[in-house]
Amino acid sequence: MAPQGRVIVIGAGVFGLWCAWECLARGFAVTVIDRGGPGAGASGGVVGALAPHRPEPWTAEKAFQIAALRSLPRALAGIEAVSGIACGWRRVGRAQPLADAPARRRAEALAEAAARHWPGVRVRILPPGAMAHWIDPAAAPAGILHEELTARLDPAATCRALARAVARRGGRFLRARALAVAPGRVDSDAGRLSGDAVVIAAGADSFALAGLPGGAVKGQAALLAARPGVMPVISARETWIVAHQRPGGGVAVGSTREESWHDAAATDARLDGVIARARAICPPLRTAPVLRRWAGLRPRAASRKPLIGPLPGAGRVLLCTGGLGISFAIGQRAGAAIAALIAGTDPDLPEIFLPARAIPSVSRVTP
Ligand SMILES: Cc1cc2nc3c(=O)[nH]c(=O)nc-3n(C[C@H](O)[C@H](O)[C@H](O)COP(=O)(O)OP(=O)(O)OC[C@H]3O[C@@H](n4cnc5c(N)ncnc54)[C@H](O)[C@@H]3O)c2cc1C
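With the numbering used here, the residue at position 122 of the sequence shown is 122, and numbering never jumps.
Here is the structure:
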């Protein structure tokens with residue numbers, strides 16, 4: 001396909017890399033700039049749960065997320081084929097220990113709603129001891145909610161795979177910090193870059209670059225040295241346990257949710273609390289040593305929804321950020337929507353994600 005113009009993508013996290021990949025697939029020439037390299041931000045983490053939101057109330061965003069969860073394995077297979085790097089994706093389902101009768105009633109309501117909105121997905125309530133090798137029955141006195149839609153992947157490996165696939169398809173990478181954005185150009189500490197369209201996918205820093213309200217939620221997570229086999233993702237209150245099949249093994253546990261912090265990269269006693277809760281639930285983690293402690297910033301828009309699409313009043317400057325905890329699930333669809341918008345075709349996107357819908361006032365990026 002003949003190149004249709006150059007797209008500059010700011011940010012080589014999961015959103016920016018999928019944007020780059022999808023733009024290349026549409027015949028655009030692509031330059032990705034990142035101050036730290038692929039996966040240097042939140043996307044280089046350890047957790048990688050791909051879980052659907054609760055099915056009720058059902059919304060267009062949830063339909064988008066479910067469609068994304070279903071189409072992701074095929075898209076990742078394409079990335080793996082081009083890059084030669086495994087992303088660690090597998091649909092393992094999710095098990096949620098239920099602490100009491102109200103939790104069980106909520107789980108029953110979820111199972112009922114799932115039957116309506118997640119066709120073909122089995123959702124069951126299992127007895128407390130049904131997964132005793134993974135979930136201590138004492139942690140699940142009211143049973144275990146089990147659904148078969150959730151998957152997991154290795155976030156850092158997925159970024160490496162995407163970056164290599166983008167490079168192999170002709171995408172250019174530049175290690176630089178974007179300082180200012182205007183239609184058709186990006187000023188960076190490595191000089192000015194010009195393009196036909198600019199995509200701001202700079203994670204939590206996207207909002208400052210676009211002059212929009214928004215920020216981040218800090219999260220801490222850890223990787224423990226255990227090999228529990230092909231285990232469902234376990235989710236309990238503020239605790240996620242994700243077993244990866246990495247060559248070195250490793251079970252990720254996360255995550256804190258912090259509204260303020262002094263050091264975005266620091267880990268502290270809050271992470272110790274997460275690890276202790278995970279160990280209480282999951283017997284294989286009881287004595288497993290901690291391999292790695294990690295912290296990052298989940299980008300969060302003021303609307304608390306992903307922001308995907310053109311900045312109002314800013315020509316061909318587009319935003320792709322705000323994925324909070326679902327960025328890896330929807331990243332490919334977000335990238336495809338951005339590429340479609342640049343190409344002038346239907347983005348197949350819930351309207352609420354469009355900055356023009358979500359942002360009442362115009363950004364400070366000037367035409
Ligand atoms: C503890 C924790 C656990 C999580 N668990 C999950 C999970 O299980 N499942 C899930 O889907 N999501 C999870 N998330 C959320 C997910 O990691 C993020 O939502 C996602 O990585 C955001 O991707 P992004 O591409 O928007 O941003 P980022 O990955 O942050 O990428 C932005 C990139 O832009 C670059 N950049 C920023 N500013 C500039 C600039 N001015 N110039 C040049 N480059 C710049 C950065 O270096 C970075 O590489 C978790 C997050 C945390 C913190």
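Think of the CB as a built atom: it goes at the ideal place given N, C-alpha and C, for glycine as much as any other residue.
Predicted model, so just to flag it, every value in this text is computed and none were measured.
Comparing the CB of Asp-34 with every heavy atom of ligand 1, is any distance shorter than 8 Å?
-> yes
How long is the line joining the alpha carbons of Ala-288 and Ala-226, rounded to whole angstroms?
-> 6 Å
Which runs of the alpha helix (DSSP H) spanning at least 4 residues fall entirely within the region 261-317, listed in chain order?
-> 269-281
Could you check what DSSP says for Ile-330 in three-state terms: helix, strand or coil?
-> helix
Say the cut is 8 Å; is the CB of Val-369 nearer than that to a heavy atom of ligand 1?
-> This structure leaves residue 369 out entirely; the chain is present only between 1 and 367.
Are the CB atoms of Ala-236 and Ala-99 nearer to each other than 9 Å?
-> yes
Provide the residue span of the alpha helix (DSSP H) that contains Leu-209, from first to last.
-> 206-210
Roughly how many angstroms lie between the CA atoms of Val-362 and Val-46, to the nearest whole one?
-> Legend: pLDDT at Val-362 = 48, less than 50; position of this residue unreliable, no value from coordinates given.
Cα-Cα separation, Cys-23 to Leu-311 = 18 Å
Alpha carbon to alpha carbon, how far is Gly-39 from Ile-79? Give it in angstroms, no decimals.
-> 16 Å
Cα-Cα separation, Val-230 to Leu-319 | 37 Å
What's the gap between the Cα of Arg-192 and the Cα of Ile-359?
-> 28 Å
Inter-residue spacing [alpha-carbon to alpha-carbon] between Met-1 and Gly-27 | In this predicted model, Met-1 has a pLDDT of only 43, less than 50, meaning its place in the structure is not dependable; the value taken from the coordinates is given anyway. About 5 Å.
Is any heavy atom of ligand 1 found at a distance shorter than 8 Å from the C-beta of Leu-179?
-> yes
Just the C-alpha distance for Ile-85 and Pro-119, rounded to the nearest angstrom, thanks.
-> 32 Å
Under the criterion of a Cβ to heavy atom distance below 8 Å, does Pro-155 qualify as lining ligand 1?
-> yes
Rank Ala-182, Arg-172, Arg-35 by C-alpha distance to the C-alpha of Ala-29 and give the top, closest one.
-> Arg-172
Relative to ligand 3, is the shortest distance from any of its heavy atoms to the C-beta of Cys-23 smaller than 8 Å?
-> Absence of ligand 3 from the depicted structure is noted, with ligand 1 being the only ligands included.
Can you list, in chain order, the residues of its chain whose CB lies under 6 Å from that of Gly-41, leaving out five sequence neighbours each side?
-> Gly-13, Gly-203
Take Val-82 and list the residues in its own chain whose beta-carbon comes closer than 8 Å to its own, dropping the five residues that flank it on each side.
-> Arg-164, Ala-165, Arg-168, Arg-169
Between the beta-carbon of Ala-151 and the beta-carbon of Pro-73, is there less than 9 Å?
-> yes
Could you give the residue range of the beta strand (DSSP E) that holds Ala-252?
-> 251-254
Per DSSP, which one or two residues make a beta bridge with Lys-218?
-> Glu-258, Leu-297
Pick helix, strand or coil for Ile-125, following the three-state DSSP scheme.
-> strand
Excluding the five sequence neighbours on either side, which residues of its own chain have a C-beta within less than 6 Å of the C-beta of Phe-64, listed in chain order?
-> Pro-350
Quick one: give me the first and last residue of the alpha helix (DSSP H) that Gln-65 is part of.
-> 60-83
Pull up the distance between the alpha-carbon of Ala-197 and that of Gly-211, whole angstroms please.
-> 18 Å
Supposed contact pair Val-217 and Arg-298 - C-beta distance, whole angstroms, cut 8 Å = 5 Å
Grab me the residues of Ala-280's own chain with a C-beta within less than 8 Å of its C-beta, minus the 5 sequence neighbours each way, in chain order.
-> Asp-136, Ala-139
Would you call Ala-95 buried or exposed, if buried means 16 or more other Cβ atoms sit within 10 Å of its Cβ?
-> buried
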